[in-house]
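*Asks:* The sequence shown begins at 520 in the numbering used here and counts up one residue at a time.
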Amino acid sequence: MPTTCGFPNCKFRSRYRGVEDNRHFYRIPKRPFVLRKRWLTAIGRTEETVVSQLRICSAHFEGGEKKEGDIPVADPAIDPPLSIDLPPKEGKTPKRAPKSSPPTHKSLLGRAAFTPPFLQRTKPGRE
């Protein structure tokens with residue numbers, strides 16, 4: 520299925536790409552939300568009008584290549600490139616330390632077993 524650029528007035532389609540035309544498509548970023556909002560504003564869309572298949576071709580970025588924090592523009596040769604400083608990436612929650620396993624039978628072999636006094640048998644006649 521061919522991909523069409525979602526930028527207003529851009530009719531580039533992947534099906535009709537020439538041999539010398541080396542454009543590629545980029546998805547609208549999901550995170551950080553600040554960058555997503557700027558992309559949607561640049562292409563004249565809202566959250567309600569965005570579909571998951573929406574792509575923007577590389578012709579809307581300076582040098583034909585998207586860099587981190589770049590925002591698409593209509594024509595990078597005429598319009599100044601837009602970019603924002605991104606907040607630091609959210610780190611994933613640290614992995615929990617593995618739970619210590621309960622002692623196994625083998626680990627108890629070297630220890631003296633403790634039996635509570637009420638469970639100890641008394642020999643008849645020794646009381």
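Ideal Cβ placement from N, Cα and C applies to all residues, glycine included.
For residue 525, is the classification buried or exposed, using 16 other Cβ atoms within 10 angstroms of its Cβ as the cut-off for buried?
*Replies:* As a position in the sequence shown, residue 525 is number 6, starting the count at 1. With 16 or more Cβ atoms within 10 Å of its Cβ, residue 525 is classed as buried.
*Asks:* Is it the case that the Cβ atoms of residue 501 and residue 577 are separated by a distance below 8 Å?
*Replies:* There is simply no residue 501 to check, as the chain begins at 520 and stops at 646 in what is shown.
*Asks:* Grab the span of the alpha helix (DSSP H) containing residue 552 for me, first residue to last.
*Replies:* For the purposes of this step, residue 552 is identified with residue 33 of the sequence shown, where counting begins at 1. Element bounds for residue 552: 552-561.
*Asks:* Can you pull the DSSP bridge partners for residue 544?
*Replies:* Mapped onto the sequence shown, residue 544 falls at position 25. Residue 544 pairs with 576.
*Asks:* Closest to residue 554 by CA distance: which of 545, 637, 603 and 541 is it?
*Replies:* As a first step, residue 554 is located in the sequence shown; it is residue number 35 there, counting from the start. Checking every option, the nearest Cα to that of residue 554 belongs to 603.
*Asks:* Which value, in whole angstroms, describes the spacing of the CA atoms of residue 547 and residue 569?
*Replies:* The count along the sequence shown starts at 1 and reaches residue 547 at position 28. The count along the sequence shown starts at 1 and reaches residue 569 at position 50. Taking the straight line joining both Cα atoms gives about 9 Å.
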